[in-house]
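Residue numbers (our numbering), protein chains in the order written: chain A, 63 to 382; chain B, 137 to 561.
Glycine included, every Cβ here is placed at the ideal spot set by N, Cα and C.
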Amino acid sequence: MFNKAILPPPGTSSLQRQKLRAAFWFLAPMLIVLFCVAAWPLLRSIYFSFTNTSLTNLYGGEWIGFKNYLTWKTLSSGHTIYSGTLADPAWWNAVWNTVKFALVSVSLETIFGLMVALVLNAEFKGRGLVRAAILIPWAIPTIVSAKIWAWMFNDQFGIINNMLLSIGLIDHKMAWTANLDTAMLSVIIVDIWKTTPFMALLCLAGLQMIPRDMYESAKIDGIHPIKVFFQVTLPLVKPALMVAVIFRTLDALRMFDLVYVLTPNSNATKTMSILSRENLIDFDKFAYGSAQSTLLFAIIALFVVLYIWLGKIDLSGDKS
Amino acid sequence: MKKAWQLINSSLLCLSIMASTTGSAHAAKVVLASGAVGKDIEVLKKLVKPWEQRTGNTLAVLPMPSSTTDQFSQYRLWLAAGNPDIDVYQTDVTWAPQLADNFVDLTPYTKDIVAQNFPSIIASQTTNGRLVALPIFTDAPALYYRKDLLEKYHKAVPKTWQELTATAKYIQTKERETGHPDMWGFVWQGSAYEGLTCNALEWIKSYGGGQIVEADGTISINNPKAVAALNMAKSWIGNISPEGVLAYKEEESRGVWQTGNAVFMRNWPYAYALGNGDDSAIKNKFGIAPLPSGGGNNKSAATLGGWNLAVSKYSKHKEAAISLVKFLASKEVQKYRALHSSNLPTIISLYDDQDINQQEPFIAQWKNVFLHAVPRPSAPTKIKYNEVSSKFFSAVHDTLAGSGSAKDNLELLEYELQTLKGNHW
Chain A
63 MFNKAILPPP GTSSLQRQKL RAAFWFLAPM LIVLFCVAAW PLLRSIYFSF TNTSLTNLYG
123 GEWIGFKNYL TWKTLSSGHT IYSGTLADPA WWNAVWNTVK FALVSVSLET IFGLMVALVL
183 NAEFKGRGLV RAAILIPWAI PTIVSAKIWA WMFNDQFGII NNMLLSIGLI DHKMAWTANL
243 DTAMLSVIIV DIWKTTPFMA LLCLAGLQMI PRDMYESAKI DGIHPIKVFF QVTLPLVKPA
303 LMVAVIFRTL DALRMFDLVY VLTPNSNATK TMSILSRENL IDFDKFAYGS AQSTLLFAII
363 ALFVVLYIWL GKIDLSGDKS
Chain B
137 MKKAWQLINS SLLCLSIMAS TTGSAHAAKV VLASGAVGKD IEVLKKLVKP WEQRTGNTLA
197 VLPMPSSTTD QFSQYRLWLA AGNPDIDVYQ TDVTWAPQLA DNFVDLTPYT KDIVAQNFPS
257 IIASQTTNGR LVALPIFTDA PALYYRKDLL EKYHKAVPKT WQELTATAKY IQTKERETGH
317 PDMWGFVWQG SAYEGLTCNA LEWIKSYGGG QIVEADGTIS INNPKAVAAL NMAKSWIGNI
377 SPEGVLAYKE EESRGVWQTG NAVFMRNWPY AYALGNGDDS AIKNKFGIAP LPSGGGNNKS
437 AATLGGWNLA VSKYSKHKEA AISLVKFLAS KEVQKYRALH SSNLPTIISL YDDQDINQQE
497 PFIAQWKNVF LHAVPRPSAP TKIKYNEVSS KFFSAVHDTL AGSGSAKDNL ELLEYELQTL
557 KGNHW
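Structure below.
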């Protein structure tokens, strides 16, 4: 799309060419900013991942090739020892945690978001107020809401245990964030609470694009509402839904703040970003951490490609 | 990149300091980064008043997160970026070897006062002959016990972990039967962070299982006594300690303790003054003792903690900063801290001070705890200490949470530490 705008197709008038040149100059500042804040740091950390840079020696790193990713050494006894991120069990644990988190949270958020959007799409009194109110979880900074949830999940004074106990769903106080089995569940619960409104908003935008007369004709034909949902609503809202799912998946794959506040250092919830930060800063293995964040970037890119290919969706919107 | 960091940091700092920018035009404004547990900041602001009046300088405190692991990361970032906005850093006892290059050598400025302090503490803050931080108080944890409950059930203060387990279980059961359903036997710090390294080191050392990495650099963690110590701690979870203890840091365990819901607590001295505050449910109802031992000939062990002040090499007001550090490490301030926030002095003569012995008699008791203090292996493992500690507390946390047996996890830990060590630390 962008290339189309810059390269004038043959046979354009000079006026058009002038317009295009002006457009380029209007875009240039933004391009420079994007290069500085997105491309440069990315290239820089990819570069760091091939060096032995440490945080105490940021400018004196030497090129060491792929050693941070994978390297092996064969001992005289014949054993081959692998080291580097790709041979690090902690890394694969983090990858698995992240993927698990992304799959579960994004699917549930999509379902709940669509449900909320369907409700909000209906005509009822005070709809504007409800639409605004539902965005509150999304508007609170994650660090604040995560801390609030951390106290709500507290095993001794937490309100969650208190409520569940008083209605008899559990018989003893649960340690939500400490127990390895429920730690991931707690993180997912908070994430669903926080991002369902975002999904709902994107779905709602999609729903409102559907012409009302389609529903009216379905009603006249006497088609069951559930059938209407699957035959009319879902196919028509799908493009908007796909965009929302991609956004959320990318977001979920780089998840950091929730885990950092709720369950720091717990192996059951450590994500790729958490692990990479730990190496970058805590352990003074700056290059190793850079290698991990480069891999994270590659994994996210892979997901996007896979998703676009599998869903065969046209992000630009104009169907060919 | 360096510039960008400085810019971000300085703008953040400006925001947080804006409120306190009074002071005269020539006087320096010294910025001190410090952890904020309990009433630390409140006390600090009060006790620098004389220094502010005398020198005309002002102090701005930058509160840090309560997790020491987080504090350290932030310090490392600031120092790597050469941040000139922070003049003084409050550092944990283990950080000196890791951050030494970024701090001013205090040796020439402190010749007159160094000798008053415990030599072991000064030694812990000296790397390659440079004194990089000056101790302001020392720390060693103790066993807090509920005097009233022990008397009520005619139990003695436990000397071994086995006694503690039995007593805690007994009182917890009895109390729950008599209308106190939230009562727990023992609370401590089990979240996966530096604090768990301290707790677990105490169990293992007091069982005769060594201190993870010995002073000569040998990795000693994989032994039957260490396994026994971890199995004992594992038996507490859900039994005498709430399952949630695996997410507790100091303040969470104090929360349970100070609301009167625990018989025993392992914590640092700061909890003593707070426990006797007017809003405390257990005011005057508790005492302290050295942590229990593993039984037999084993001795009790307490992890050596303590906080120090270091002057940043990148500071623009080094002179004022050094004068602040010397003031905060002085005898009068250490005495004030001992009296008002139950911090243990690093100056030997203060343990015989009359006022302290009269008003805070427990400090003299702490001298016993202090005698059994065990250092974390920060000196032998040098710059790799954080990773050693992280691998250790992860292995312990996994064991306590039921992911793998103590034996398997310690064997794996030994292997990981050997890989990390390579030819030398």
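query                                                                                                                        : result
Range covered by the beta strand (DSSP E) that runs through SER279 (chain A)                                                 : Segment 274-282 is the alpha helix (DSSP H) holding SER279 (chain A); no beta strand (DSSP E) there.
Proximal residues to THR303 (chain B) (C-beta, below 7 Å), its chain only, five neighbours per side dropped                  : LYS291, PRO294
Neighbour flag for ASN329 (chain A) against chain B, beta carbons, 9 Å                                                       : yes
ALA369 (chain B) and TRP339 (chain B) closer than 9 Å at C-beta                                                              : yes
Neighbour list for LYS235 (chain A) in chain B, Cβ cutoff strictly below 9 Å                                                 : ASP318, PRO378, GLU379, GLY380
Three-way DSSP call (helix, strand, coil) for GLY321 (chain B) in this model                                                 : strand
Neighbour flag for ALA67 (chain A) against chain B, beta carbons, 9 Å                                                        : At ALA67 (chain A) the pLDDT is 49, less than 50, meaning the model places this residue with poor confidence; the figure from the coordinates comes in the next sentence. It does not: the Cβ of ALA67 (chain A) has no partner Cβ on chain B nearer than 9 Å.
Neighbouring residues, chain B, relative to PHE110 (chain A) (Cβ below 8 Å)                                                  : Those do not exist, as PHE110 (chain A) stays about 11 Å from chain B at its closest Cβ, beyond 8 Å.
Buried/exposed call for LYS281 (chain A), threshold 16 Cβ in 10 Å                                                            : exposed
Alpha-carbon spacing of ALA251 (chain B) relative to VAL268 (chain B), whole angstroms                                       : 16 Å
Top-ranked residue by Cα proximity to ILE418 (chain B), from B:LEU180, B:ASP489, B:TYR280, B:LEU382                          : B:TYR280
Rounded Cβ spacing between ARG473 (chain B) and PHE273 (chain B) (contact assumed at less than 8 Å)                          : 6 Å
is_contact[ILE254 (chain A), chain B] using C-beta, thresh 9 Å                                                               : no
Beta bridge counterpart(s) of ILE424 (chain B) as assigned by DSSP                                                           : B:TYR280
Close-in-space but distant-in-sequence residues of the same chain around THR158 (chain B) (CB under 8 Å, 5 per side omitted) : In this prediction, THR158 (chain B) scores a pLDDT of 39, lower than 50, which makes its location untrustworthy; the coordinate-derived value is nonetheless stated afterwards. Excluding sequence neighbours, THR158 (chain B) sits near THR194.
Own chain residues within Cβ distance below 7 Å of ALA161 (chain B), not counting five before or after                       : Caution applies to ALA161 (chain B), whose pLDDT of 42 falls short of 50 and renders its modelled position unreliable; the value that the coordinates give is listed next. Once the five neighbours on either side are set aside, ALA161 (chain B) has no close Cβ partner at all.
Any non-hydrogen atom of the ligand SAM closer than 8 Å to PRO516 (chain B) Cβ                                               : Looking at this structure, you won't find the ligand SAM or any other ligand, since it has none at all.
Close Cβ partners of SER327 (chain B) (< 6 Å) along its chain, the five nearest in sequence each way excluded                : ALA383, TYR384, LYS385
DSSP-derived helix/strand/coil call for TRP297 (chain B)                                                                     : helix
Separation of PHE498 (chain B) from ALA278 (chain B), as counted between CA atoms                                            : 11 Å
CB-CB length for ASP344 (chain A) against THR205 (chain B), believed under 8 Å                                               : 7 Å
For ILE376 (chain B) and ASN420 (chain B), the rounded distance between their alpha carbons                                  : 23 Å
Contacts that SER526 (chain B) makes with chain A (C-beta to C-beta distance below 8 Å)                                      : ASN327, GLU340, ASP344, PHE345
Rounded distance between the beta-carbons of ALA232 (chain B) and SER260 (chain B), thought under 8 Å                        : 7 Å
Beta-carbon proximity of ALA152 (chain A) to LEU337 (chain A), cut-off 9 Å                                                   : yes
Segment limits, alpha helix (DSSP H) that includes SER389 (chain B)                                                          : 386-394
Top-ranked residue by Cα proximity to ALA208 (chain A), from A:LEU364, A:THR239, A:GLU340, A:THR115                          : A:THR239
Within-9 Å CB hit, TYR110 (chain B) to chain A                                                                               : Lying before the first or after the last residue shown, residue 110 (chain B) is absent from chain B, which here runs from 137 to 561.
Exposed unless 16 or more other CB atoms sit within 10 angstroms - verdict on PRO360 (chain B)                               : exposed
Local conformation of ARG190 (chain B) per DSSP, three classes                                                               : helix
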